[in-house]
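J.: Sending over a structure as structure tokens; questions will come in a sec.
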Amino acid sequence: MSELVFFCGTMDCGKSTLALQIEHNRSARGLVGMIFTRNDRAGEGKLSSRLGLVTDAVEVEDGADLYAHLVDHLSQGRRADYVIADEAQFLDPEQIDQLARVVDDLDLDVYAFGITTDFRSKLFPGSQRLVELADRVEVLQVEALCWCGARATHNARTVGGVMVVEGAQVVVGDVTGSADEIGYEVLCRRHHRRRMTAATARAAALAPDVLPVSSG
């Protein structure tokens with residue numbers, strides 16, 4: 075039986091690396107995959123990992139029908155033995171329904187990869203729909219770590235290293251944002267609640283508790 079499997083976790087837990095590994099293993103055995111992605115860090119139509127691996131993919135646009143895309147692809151005599159959907163949190167709930175239909179009606183395995191919650195600790199609509207529909211939800215076991223060394227459970231958005239909790243749900247950035255640039259960082263729940271990023275923790279550590287008093 076074909077399955078819809080959702081591989082999820084925080085940023086930096088190896089989701090895209092696993093997606094690329096699944097693609098490599100199956101293509102090495104002569105299978106042909108259809109890869110969907112959206113808002114990848116490497117640019118439009120790419121599936122990439124932070125390790126530097128990258129492959130071509132189909133960029134999913136607003137309103138795109140993924141089921142119809144597969145049907146059209148197959149009706150032209152081309153192959154698709156499985157489907158990979160990376161950055162699945164950015165897909166619309168309707169597009170997740172379409173992936174489920176690919177499994178049920180076209181009998182293809184679909185492997186979806188994404189983070190579950192945004193920088194406000196709210197579920198992405200695409201991730202929520204995957205949790206509702208997936209045959210299996212697999213939490214990735216490669217643990218991302220907060221700056222304090224604890225297991226990271228939350229994604230934070232930063233501007234110049236300072237955590238922010240307001241703004242659009244989807245803003246493309248990276249984990250290395252410099253001053254005034256939007257970046258992302260993984261934190262444990264305690265430090266997410268306290269809005270304490272690595273940068274603000276360093277600043278606090280450097281700030282003297284008591285100002286020196288001149289003896290003169």
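Just so we're aligned, residue 75 is where the sequence shown starts under this note's numbering, counting upward by one.
We put the CB at the ideal spot given by N, CA and C, even for glycine.
Treat the numbers as computed from the prediction; the structure is a model and nothing was measured.
#1: For a quick check, are the C-beta atoms of G241 and A273 less than 8 Å apart?
#2: Output the distance between the C-alpha atoms of A102 and M237, rounded to the nearest integer angstrom.
#3: Among residues of its own chain, excluding the 5 on either side of I189, which ones have a beta-carbon nearer than 8 Å to its beta-carbon?
#4: May I ask you to list the residues that DSSP assigns as paired with T84?
#5: Since V79 and D160 should fall inside the 8 Å C-beta cutoff, what is the C-beta to C-beta distance between them, to a whole number of angstroms?
#6: Going by CA-CA distance only, name the one from K120, V211 and H143 that's closest to Y185.
#7: Sorted by chain position, which residues of the same chain lie with C-beta nearer than 6 Å to V128's C-beta, five sequence neighbours on each side aside?
#8: Which class does L127 belong to by DSSP, given the choice of helix, strand or coil?
#9: In angstroms, rounded to a whole number, what distance separates the CA positions of V145 and L182?
#10: With H, G and I counted as helix, E and B as strand and the rest as coil, what does DSSP make of S149?
#11: Between Q95 and I158, what straight-line distance do the alpha-carbon atoms span, to the nearest angstrom?
#12: Check whether the Cβ atoms of V244 and N99 lie closer than 8 Å to each other.
T.: According to the data block:
#1: no
#2: A102 and M237: Cα-Cα distance of roughly 43 Å.
#3: Non-local beta-carbon contacts of I189 in its own chain, meaning distances under 8 Å to residues more than five positions away in sequence, involve C82, G83, T84, M85, K89, Q163, F198, S201 and N229 in chain order.
#4: Beta-bridge pairing links T84 to no other residue.
#5: With a Cβ gap of about 13 Å, V79 and D160 do not count as contacting.
#6: That would be V211, whose Cα lies nearest to the Cα of Y185.
#7: A116, K120 and S122
#8: coil
#9: 12 Å
#10: S149: helix per DSSP, three-state reduction.
#11: 11 Å
#12: Contact flag unset, no.
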